[in-house]
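Engineer: Per our numbering: the sequence shown = residues 358 to 562.
Beta carbons: idealized from backbone N, C-alpha and C, even for Gly.
Below is a structure I'd like to ask you about.
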Amino acid sequence: MTNTNGSSIDTTFASKIFHKVLPNFEEENKKIINRLYTLKNTTKGIERSNQLGWHSDVNIQNYPEFDEFNKHLKFTLGEIFTFYDYDPNYELDIHSFWGNINPKYGYNNTHSHPHCLWSGVYYLQTPENCGNIHFVDPVKPRIHYQAQFRNDKSLLASSSIFYVAETSKLIIFPAYLEHFVKPNMSDTDRISLSFNIRLNPKPYK
Ligand SMILES: [Fe+2]
């Protein structure tokens, strides 16, 4: 990028976050939500960064209720693959895929997703004040000098940024990027899907 005075500005090692709202997905969301409540009622789930919330087992992507969502996910992974110019002998695959149902006060501690390349979240039900996802500045040495900015919207004015939880929104972020989710302060469950992605060699044909 070139500034108006002619200086060149490079963005190096920046973390890219892909996000989009899936169009006309309300009916699909309902089907997925029903499947998640069925799983919640029939399986124990597991504990990871989730506090007070239910986290499903980690490989639930093959239920038919997820088919339409998986099509959109694969399309978006294709966009990321092209953007990063990965080796065409490889492909971005779902490594793990789970559901989250967070009741009032449910939140997620700060964590990242080791041993994966990309991670993501997809929001199925987001009542008001249900808790946003915050991403933490991965450049840790930046804390050694706190610069002053005109306002908190200025570039790098904060050590974390948040994305508003919005129904039908898909967010895909680097798996190394630490993140946390604020407590759900509504009386209705916040419901989402999460997944991890790896770059694997294409199967031999
Ligand atoms: Fe996470």
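From the DSSP output, read off the bridge partner residues of Asn416.
Structural biologist: For the purposes of this step, residue 416 is taken as the residue at position 59 of the sequence shown. Paired residue(s): Phe454.
Engineer: Mapping DSSP to helix, strand and coil, what is Asn553?
Structural biologist: Locating residue 553 in the sequence shown gives position 196, counting from the first residue. DSSP places Asn553 in strand when its eight states are reduced to three.
Engineer: Taking just the CA atoms, how far does Asn457 sit from Asp414?
Structural biologist: Taking the sequence shown and counting its residues from 1, the one referred to as residue 414 is at position 57. Taking the sequence shown and counting its residues from 1, the one referred to as residue 457 is at position 100. Approximately 10 Å, taken between the alpha carbons.
Engineer: Where Gly477 and Lys526 are concerned, what is the direct C-alpha to C-alpha distance, given to the nearest angstrom?
Structural biologist: Here residue 477 refers to the residue found at position 120 of the sequence shown. Here residue 526 refers to the residue found at position 169 of the sequence shown. Rounded to the nearest angstrom, the two C-alpha atoms are 10 Å apart.
Engineer: Please go through the same chain and pick out, in chain order, the residues whose beta-carbon is closer than 8 Å to the beta-carbon of Thr467, but skip the five residues on each side of it.
Structural biologist: Position 110 of the sequence shown, counting from 1, holds the residue named residue 467. Answer for Thr467: Ser406, Val493, Glu535, His536, Phe537, listed in chain order.
Engineer: So Leu481 is in the beta strand (DSSP E); what residue range does that whole segment cover?
Structural biologist: Position 124 of the sequence shown, counted from the first residue, corresponds to residue 481. Here the beta strand (DSSP E) through Leu481 covers 475-482.
Engineer: Alpha carbon to alpha carbon, how far is Ile389 from Ile366?
Structural biologist: Along the sequence shown, one-based indexing puts residue 389 at 32. Along the sequence shown, one-based indexing puts residue 366 at 9. Roughly 44 Å separates the two Cα atoms.
Engineer: Considering only the beta carbon of each residue, do Phe519 and Asn489 sit closer than 7 Å?
Structural biologist: As a position in the sequence shown, residue 519 is number 162, starting the count at 1. As a position in the sequence shown, residue 489 is number 132, starting the count at 1. Yes, Cβ-Cβ distance for Phe519 and Asn489 is below 7 Å.
Engineer: CB Asp450 to CB Asn557, shorter than 7 Å?
Structural biologist: On the sequence shown, residue 450 is found 93 positions in, with the first residue counted as 1. On the sequence shown, residue 557 is found 200 positions in, with the first residue counted as 1. Cβ distance < 7 Å, so Asp450 and Asn557 count as in contact.
Engineer: Could you give the distance in angstroms between the alpha-carbon of Cys487 and the alpha-carbon of Lys559?
Structural biologist: For the purposes of this step, residue 487 is taken as the residue at position 130 of the sequence shown. For the purposes of this step, residue 559 is taken as the residue at position 202 of the sequence shown. Their backbone Cα atoms lie some 39 Å apart in a straight line.
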